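The structure appears below as structure tokens.
In this note's numbering, the protein residues as written are 109 to 322.
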């Protein structure tokens with residue numbers, strides 16, 4: 109069963125009983141290529157946003173990971189979006205490892221993604237030692253919340269987002285750091301992954317839980 113088929117099976121069988129609604133670990137995807145069911149895109153201008161399956165023996169769910177490998181300009185936000193699944197309220201987690209970047213490092217998940225200019229994102233930047241929640245509206249990045257946190261680059265960390273109604277709670281490595289309300293995007297949207305500029309990052313163990321009402 110390939111990664112896309114696994115995702116669709118879990119999504120169609122989702123229920124509010126605590127079981128994962130959707131999960132990606134990329135173990136069945138071909139190294140050097142985008143995994144099935146994912147699309148690379150970008151916010152802003154410039155060359156970059158090169159995503160492919162890579163290998164890292166320290167990854168939490170097996171050696172295969174999804175990597176952003178390009179060193180883009182400061183004006184570029186690198187995106188890779190799952191094509192099929194759409195969610196409103198969700199409990200989303202993803203593990204990441206920053207492996208390169210001089211202008212920027214790290215990254216995080218996007219959700220309620222409407223298009224490449226409109227979505228929510230939370231990201232950890234090991235270079236700047238901060239954890240921040242943003243919304244992008246018509247391509248403009250707007251900060252909603254921030255916390256000063258130091259984490260090591262070259263190590264795996266886990267971001268979790270719980271979004272219910274207008275309340276957004278963001279966790280890093282199991283600890284709640286950001287708790288904000290915003291109702292800009294009320295409709296269901298896609299989920300994806302995000303880095304900025306030259307932040308080159310591995311992602312793995314993406315998991316989404318939903319309520320029984322969705």
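Virtual Cβ for every residue (Gly too), placed ideally from N, Cα, C.
Just so it is clear, the structure is predicted and the values come from calculations on it, not from any experiment.
{"Item": "Indicate the three-state DSSP secondary structure (helix, strand or coil) for residue 243 in the structure shown.", "Value": "strand"}
{"Item": "Among the candidates 315, 250, 148 and 300, whose CA atom is the shortest distance from the CA of residue 178?", "Value": "148"}
{"Item": "Assign residue 277 to one of three DSSP states: helix, strand, or coil.", "Value": "strand"}
{"Item": "Considering just the uninterrupted stretch of the beta strand (DSSP E) at residue 317, what are its terminal residues?", "Value": "308-317"}
{"Item": "Assuming residue 267 contacts residue 204 (C-beta within less than 8 Å), just tell me the rounded distance between them.", "Value": "7 Å"}
{"Item": "Tell me the residue span of the beta strand (DSSP E) that contains residue 217.", "Value": "216-223"}
{"Item": "Hey, out of 145, 161, 153 and 150, whose CA is closest to residue 138's CA?", "Value": "161"}
{"Item": "Along the chain, where does the beta strand (DSSP E) that runs through residue 297 open and close?", "Value": "Careful: residue 297 lies outside any beta strand (DSSP E) and carries neither H nor E."}
{"Item": "Give the straight-line distance between the Cα atoms of residue 295 and residue 317, rounded to the nearest whole angstrom.", "Value": "17 Å"}
{"Item": "Are the CB atoms of residue 214 and residue 309 within a distance shorter than 8 Å?", "Value": "yes"}
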